[in-house]
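These notes are about the structure you will find just below.
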Amino acid sequence: MDCSLVRTLVHRYCAGEENWVDSRTIYVGHREPPPGAEAYIPQRYPDNRIVSSKYTFWNFIPKNLFEQFRRIANFYFLIIFLVQLIIDTPTSPVTSGLPLFFVITVTAIKQGYEDWLRHKADNAMNQCPVHFIQHGKLVRKQSRKLRVGDIVMVKEDETFPCDLIFLSSNRGDGTCHVTTASLDGESSHKTHYAVQDTKGFHTEEDIDGLHATIECEQPQPDLYKFVGRINVYSDLNDPVVRPLGSENLLLRGATLKNTEKIFGVAIYTGMETKMALNYQSKSQKRSAVEKSMNVFLIVYLCILISKALINTVLKYVWQSEPFRDEPWYNQKTESERQRNLFLKAFTDFLAFMVLFNYIIPVSMYVTVEMQKFLGSYFITWDEDMFDEETGEGPLVNTSDLNEELGQVEYIFTDKTGTLTENNMEFKECCIEGHVYVPHVICNGQVLPDASGIDMIDSSPSVSGREREELFFRALCLCHTVQVKDDDNVDGPRKSPDGGKSCVYISSSPDEVALVEGVQRLGFTYLRLKDNYMEILNRDNGVERFELLEILSFDSVRRRMSVIVKSAEGDIYLFCKGADSSIFPRVIEGKVDQIRARVERNAVEGLRTLCVAYKRLIPEEYEGVCQLLQAAKVALQDREKKLAEAYEQIEKDLILLGATAVEDRLQEKAADTIEALQKAGIKVWVLTGDKMETAAATCYACKLFRRNTQLLELTTKRIEEQSLHDVLFELSKTVLRHSGSLTRDTFSGLSADMQDYGLIIDGAALSLIMKPREDGSSGNYRELFLEICRSCSAVLCCRMAPLQKAQIVKLIKFSKEHPITLAIGDGANDVSMILEAHVGIGVIGKEGRQAARNSDYAIPKFKHLKKMLLVHGHFYYIRISELVQYFFYKNVCFIFPQFLYQFFCGFSQQTLYDTAYLTLYNISFTSLPILLYSLMEQHVGIEVLKRDPTLYRDIAKNALLRWRVFIYWTLLGLFDALVFFFGAYFMFENTTVTSNGQIMTTNTHMIFGNWTFGTLVFTVMVFTVTLKVSAPRLSHTKGECSRTHVPPQPQGIPAVSHTKGKCSDAHIPPGRPQGVTAV
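Numbering (this note's numbering), first residue to last: 23 to 1100.
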């Protein structure tokens, strides 16, 4: 056993091929492998508890407080509160502590309640009953008690409790159907396959006798990637090694469908499951308004420090005269006289900081958060954005970016499923130059004989007839479509024509369209049973093909293949994919004729696929099997090795033909793009389609116009010229007119001047992004960006998902730093959705992964118009008004306090009562602006929809620029001067009574010390509250211009203050000690 242990450790840690540190070994059923086979090294894994909550009962208070005080404003007020506790300050600690306590408490209650709901959901999930095998019997226990290695039984319509390797099912072919709607939103049935050597174990006793170990990668969040292998021990022979991939993995959260029961072994549990790993939050996005708000806070902090410094200096200047430092009524103690001057000055500076700290609005963050949270419901409640066809409405996944919807400058959109319906219809196919169109509709009527064939070209020869049937068989066999015999299924499905009761289901609408199309041409795909694919030919004869291998589709290869064996023993490889990935691998066939037809269909906006094949002799097939097996069982770099294997297998093909499928443009997609361009937003289309197809769609949706001159930056052109020459030539072309371009030209709306559109493909983009030999890539990137800025629209075709994100990032971090928005409907759009400032997912037919990872989700592309031009416009106007108003009202509040120091000997005496200091921000002035910022509509909804150019008036953070910020600050200073001196001059005609109180000469009304501050505060609260309704936005000549009602001076009597504690008595001005009086 010791030798076996050493051998195992040496094999694991010293093997050159795989890095075993990144793998784990699981013992199926916790059974040790046979003696001498492998050392039994038990490993510890987490249990199956899911924890989505942030806090526990014990750590809630410290953890929540730590998170809240990481916010700079909260931390600042905590410091002010501590200063008030430590030193003798003019205001009570309650004035800072109570608002801070209110903000912290409200936030803590909100977060605590949300976390309590998460705890409830976690407990309900962790206590679900689960059936597992123990000693050959079925035992029931709670989900949280599952361990890695347990063998679990799951019944139909149950959810998988953890990530399982599929061992067997009640089906003879070892398959099962699952839906992953809760994971990625795809409701279509997916087929998973049991391990070949265990699929015959149908009873608990059989499964319990299984000796096997599983070696697989450590947990990682990719739902569609899994690498592992299983060693099945039989007697004392060497173990049988089988590869494990994503088709063998059943994910937690997925649901078993149309399968009575399955057995599986747990490999990832609890927080290590792929579903839990996908709980990880995305990177925090911050809006431009929030960034401006933080900058303004820093400015006001500088103003606060300046005020404190000025008052500290002036205090010691004023006290430099005799007797002012120590008046007769406030004699100093000996210890106070001997205090260090610098320490005294620093203490006074802190006291002034405390006195003026209310210029920083403590409740602004809470009010802004409430405004964003409550305001987000206006999107979800919008009936115009509800789609009756799908029954879906808009979703708000984050409310932090509401105002960013009103600042978008660039939109990056996917094509398929976003601009188009992703509802595919088979239009035609071309086989060796002969075009076939299904007889489906003639003069608007559906023909009864839907299986007829319209031969556009001349009939093929005998050999051509064989190629024709081979082409149809290829379409019937080269796919991943599932067939159901009833209509009680979930997800996208279509019943084939011809009266058949079967229903085709696939996660790809293209595949369903092709299988249905070839059925109308005489060949019907029936089913996959016991690894045999059955098709019905034109003569109503059933043909059976054994499915040997599937070379799966991926976005890099852009093709898929199957290897099948006919009843006669012939082995075929059928391959279908994009023309750019098929033509280079073809050595025979009528390439020119088919290429011409493909290009013609692409110009018409049809999606095209090419089909090719080759016949394999048994020796070739053996080599293929060995090549694939070596790649499949690799634990390290399996994807790379599989790609290399596919590259070697899919070559020397014979071209059969091509297909054309139509994907119709979405309703009002053209109107939406036109409106967005009028709003000054540049729209880029990023797609994986070929250039001609994508360009035709761009013309249809009015992204390109008739007068648009298209500029090509494609691989074909770069092959003819160098990248350097092409870029400089394009630069000269577009920049020649840049001096006279208007803003309308940039939006593609000017008919008088030349309008440019750029087309770039993925390969050309790679060359631009690739560092040059001298180590720099900046020159090419900058030149490329200059060209793009001068074009009204840009089309990026043949884009991989990562390249889409690269394009967004390139624009996002360009020198202008524009606000970007990405919109898409598929998993391949997630990377650019996460990269953009605002990500919007379309709830489409490619699943909901894009919608789940987005900030907002909408049912159709047309809803983007109202989301930006109406909701985005309102959100930005409202939040910018709220932010500027908060700073304005705090200037109004604290500047009279600053002025008052000049009349009380800089004694740090407060102008306002403690209650006013405490409640001004959290009570008196917060609610009106909150209601205003939720309900304000300066322009009607119909006006905004009718005139998209209004969107430009708020572009580039127009209402939070320095000019506007300075205006509001100066307005606050002016109003504060009116409040203070209006009251001050009203008290000119007054006399002082014997007890130091002020009495008016005419009315004989007596006022005390607090009266002046109370009156200033009262008129201020009324004025700033009325100011909410006073600013009006007028709609004049298509522009939003602010019209302010100037504040009216309102005078209220004022009194003087003395140094020291608050008192209602006034010291007569005649005292020799130099007490200052008004």
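Using N, Cα and C, we set each Cβ at its ideal position, and we do this for glycine too.
Between the alpha carbons of residue i and residue j, how many angstroms are there, rounded?
i	j	result
residue 548	residue 220	27 Å
residue 610	residue 632	14 Å
residue 114	residue 1039	18 Å
residue 251	residue 66	20 Å
residue 603	residue 264	30 Å
residue 978	residue 699	16 Å
residue 952	residue 945	11 Å
residue 675	residue 594	11 Å
residue 911	residue 167	58 Å
residue 828	residue 834	10 Å
residue 367	residue 100	22 Å
residue 52	residue 232	10 Å
residue 1041	residue 310	34 Å
residue 908	residue 80	37 Å
residue 239	residue 68	16 Å
residue 468	residue 460	Annotation note: pLDDT 39 at residue 468 (below 50); position unreliable, no value reported.
residue 634	residue 488	14 Å
residue 746	residue 737	13 Å
residue 579	residue 248	19 Å
residue 875	residue 706	21 Å
residue 621	residue 448	17 Å
residue 320	residue 919	21 Å
residue 722	residue 824	27 Å
residue 1107	residue 411	Outside the displayed range of the chain (23 to 1100) lies residue 1107, so it cannot be described from this structure.
Is it buried or exposed for residue i, if we count other Cβ within 10 angstroms and need 16 for buried?
i	result
residue 118	buried
residue 672	buried
residue 804	exposed
residue 906	buried
residue 788	exposed
residue 25	Annotation note: pLDDT 46 at residue 25 (below 50); position unreliable, no value reported.
residue 246	exposed
residue 774	Confidence at residue 774 is low in this model, with a pLDDT of 48, below 50, so the placement of that residue should be treated as unreliable; the coordinate-derived value is given next. Under this definition residue 774 is an exposed residue.
When DSSP builds the beta bridges, which residues end up paired with residue i?
i	result
residue 1109	Look at the range of the chain in this structure, 23 to 1100, and you will see that residue 1109 is not part of it.
residue 1101	Because the chain is modelled from 23 through 1100, residue 1101 falls outside the range shown and cannot be assessed.
residue 46	238
residue 453	456, 679
residue 551	554
residue 432	704, 842
residue 782	735, 818
residue 87	Answer by DSSP bridge pairing: none, since residue 87 is not bridged.
residue 246	Paired residues: none, contrary to the question.
residue 860	843
residue 285	175, 190
residue 571	585
Within its chain, find whatever has a CB closer than 8 Å to the CB of residue i; leave out the 5 residues flanking it on each side and keep chain order.
i	result
residue 126	87, 90, 96
residue 102	118, 375, 376, 379
residue 557	495, 498, 499, 545, 546, 547, 548, 564, 565, 567
By Cβ distance, which residues of its chain are closer than 6 Å to residue i, with the 5 residues on each side in sequence left out?
i	result
residue 136	none
residue 420	877
residue 782	735, 818
residue 151	162
residue 976	428, 898
residue 130	86
Give me, in chain order, the residues of the same chain whose beta-carbon lies closer than 7 Å to that of residue i; leave out the 5 immediate sequence neighbours on both sides.
i	result
residue 666	none
residue 334	367, 370, 371, 374
residue 121	384, 385, 940, 943, 944
Note to self: Could you tell me which whole alpha helix (DSSP H) segments of length 4 or greater appear in the stretch 871–900?
What the structure shows: 871–875, 885–888
Margin query: I'd like the ranges of any alpha helix (DSSP H) spanning at least 4 consecutive residues and lying wholly in the stretch 919–999.
Written below: 936–941, 948–957, 963–968
Next item on the list: Jot down the residue ranges of each uninterrupted beta strand (DSSP E) in the stretch 680–755, minimum 3 residues, whole runs only, in chain order.
Entry: 704–708, 730–735
Next item on the list: Give, in chain order, every unbroken run of the beta strand (DSSP E) that is at least 3 residues long and sits entirely within the stretch 122–190.
Entry: The stretch 122–190 contains these whole beta strand (DSSP E) runs: 151–156, 159–164, 173–177.
Margin query: What ranges does the alpha helix (DSSP H) occupy inside the stretch 624–672, keeping only unbroken runs of at least 4 residues that lie completely in it?
Written below: 640–654, 660–671
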